[in-house]
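Residues in the sequence shown are numbered consecutively from 190, following our numbering.
No residue lacks a Cβ here, since even glycine has one placed at the ideal position from N, Cα and C.
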Amino acid sequence: MRSIAKFYPQKGKDTVEEIVKKVQKSNLDGLTVTYEANGEAHYHSRHLPYSGFSLKELKKSLNKKHLELGLGAPFFFSDGVWENSPAKRAKIGFNDWPTTNWYRPLCPVYPGLFEDRLTLLLEAVEEIEPDFVGLDFFRFPLFWEELDEEMKLITCDCPDCPAKGGRTEVIYQYAIKVKEALASLPVMIHLVPFLEENTIKVTGQDPKLLANALDSLSPMLYSNLLKREDTYIYTTLEKLAVYKIWPSLEITKREINLLRSYDKVLYFYLG
Ligand SMILES: [Zn+2]
């Protein structure tokens, strides 16, 4: 089992060498980092300004120590697109998505948006040459991190968004296209960790279809954030046991015994 942690580079903080040392010291096998943050790219892009942090250098330094770099693709989420193209924001009725928190979802069916986001991902992959790709926010919007027991599912309901029954097919077809474009790389998708039928219809993330299209599923089993017991982790993994899974857990859960050997476990996150 390989333990991989999410990491968010910060300008002027750790150097590549310091980051690699931190990974070794933490007994991790690698990192997963998103190529885009705050409207900037961690590589030289034709589409976005450069952040000043080179994921290409980080990847080379990690590989020298037999550590890996996963590339996180924040698909229908972008501070930059949100700021620069208000029409692409998810809508509630005819109003913009409220901005009371960090969540800045985009409408997955806004014309041309999927293609633009895929172009950016492919450019990043070509430049950085990661060991695997992780699709994040690859769904219709749902701020699942803040759902309470009522489970009121709020999502984009702009006139172009398909009815709840048609969403899984849209996300499935997008997943097929991404995998076609990245044939030689393992491609994982982060899943909203609620597997009830209503949630699947809202997000469009059907585990069965996505397991068919992609290499692995990574349910985000953040039990502390969700104020649930560890049993929540086990019961959800049990429901997904027929698929290839790389569980996503909070980094404080590194000690829990999963009783099953997964290729990778992804941890949120290395500070
Ligand atoms: Zn929409």
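Look at the Cβ atom of Val359, then the Cβ atom of Pro348, and state whether they are nearer than 8 angstroms. For Val359 and Pro348, no; Cβs fall outside 8 angstroms.
I'd like to confirm something about Val359: is its beta-carbon nearer than 7 angstroms to some heavy atom of ligand 1, or not? Exclusion of Val359 from the 7 angstroms shell around ligand 1 follows from its C-beta lying no nearer than that to any non-hydrogen atom of the ligand.
Excluding the five sequence neighbours on either side, which residues of its own chain have a C-beta within less than 6 angstroms of the C-beta of Tyr197, listed in chain order? Cβ neighbours of Tyr197 beyond the five flanking positions: none.
Below 7 angstroms, is the gap between the Cβ of Asp305 and the nearest heavy atom of ligand 1? For ligand 1, not one heavy atom lies less than 7 angstroms from the Cβ of Asp305.
Proximal residues to Ala402 (C-beta, below 7 angstroms), its chain only, five neighbours per side dropped: The residues are Tyr361, Ala364, Ile365, Lys368.
Pairing CB atoms from the region 218-235 with CB atoms from the region 305-316, are three or more of them under 8 angstroms? Enough Cβ pairs lie closer than 8 angstroms, so yes.
What residues come near ligand 1, if near means a beta carbon less than 5 angstroms from any of its heavy atoms? Residue selection by CB proximity (closer than 5 angstroms to any heavy atom of ligand 1) returns Cys296, Cys345, Cys347, Cys350 in chain order.
Close Cβ partners of Tyr421 (< 6 angstroms) along its chain, the five nearest in sequence each way excluded: Around Tyr421: Ser412.
How about Leu429 and Leu406: are their beta carbons less than 8 angstroms apart? Yes, these two residues count as a Cβ contact at 8 angstroms.
What did DSSP end up calling Asp395 once you bin it into helix, strand or coil? The answer is coil: DSSP assigns Asp395 none of H, G, I, E or B.
Let me know the secondary structure DSSP gives Val222 once reduced to three states. Three-state result, Val222: strand.
Straight-line CA distance for Glu444 to Leu438? When rounded, the distance between both Cα atoms is 11 angstroms.
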